[in-house]
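Heads up: the structure comes next, in structure tokens.
Numbering (the numbering used here), first residue to last: 86 to 283.
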């Protein structure tokens, strides 16, 4: 696994691997030094991002695809061999297309704008985050976890976003179902891996 723990997408892979009891050989990609843009790395992952998994002849990028691949090595409630997989996939696609899209805009403005964020972008992204967080909160009103009673890949894929509540000043007021769910997930040994370093 080519990784860097400052990447939320890399951390969710580490968390799921730990939940599955898998030991991964890892190689840190120094993002500050630009190692993700070297020809050698781009040959593995043309997006120049982490994580990237190499397992024999299989080379995978996109963290949610890696989660499915790792969990697919066995039969686990995280990724059961049943129709429930499609519900899990639905929420994983939702995470990458909606929730994370809003959060990436907040990341860009609050962490990488050199102290000069575009407040119109911040306002729009904050509204988007809240809209999608309310969808999740509603789902969790009648479910212990995102797709039912047991943990699934969707919990890890989505959960990594909520480690940034404080630094991104996410509007979490009234989202009591998320707070309950995240409180349980983030205190599991494997869930702690989802938290930002430092």
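Glycine included, C-beta positions come from ideal geometry on N, C-alpha and C.
From the DSSP output, which residues share a beta bridge with residue i?
i	result
residue 140	143
residue 88	113
Give the secondary structure of residue i by DSSP, where H, G and I count as helix, E and B as strand, and everything else as coil.
i	result
residue 132	coil
residue 201	coil
residue 185	helix
residue 233	strand
residue 123	coil
residue 211	helix
residue 219	helix
residue 240	helix
residue 245	helix
residue 250	coil
Residues in the same chain with beta-carbon distance under 6 Å from residue i, minus the five sequence neighbours each way, listed in chain order, please.
i	result
residue 112	87
residue 248	279, 280, 281
residue 241	97, 100, 101
residue 244	270, 279
Leaving out five residues before and five after residue i in sequence, what residues of the same chain have Cβ atoms less than 7 Å from its Cβ?
i	result
residue 254	none
residue 309	Summary: the structure shown does not reach residue 309, with the chain confined to residues 86 through 283, and so no result is reported for it.
residue 160	166
Within 7 Å: the Cβ of residue i and any heavy atom of the ligand MG?
i	result
residue 234	Only the bare structure without any ligand can be found here, which leaves the ligand MG out of the picture.
What is the residue span of the alpha helix (DSSP H) that residue i lies within?
i	result
residue 265	261-270
residue 105	93-105
Should residue i be flagged as near chain C, meaning a C-beta pair shorter than 8 Å?
i	result
residue 172	No chain C is part of this structure, which consists of one protein chain only.
Could you give the uninterrupted runs of the alpha helix (DSSP H) lying entirely in the stretch 148-179, keeping only those of 4 residues or more?
Taking only runs of at least 4 residues, the alpha helix (DSSP H) segments lying wholly in the stretch 148-179 are 148-156, 169-179.
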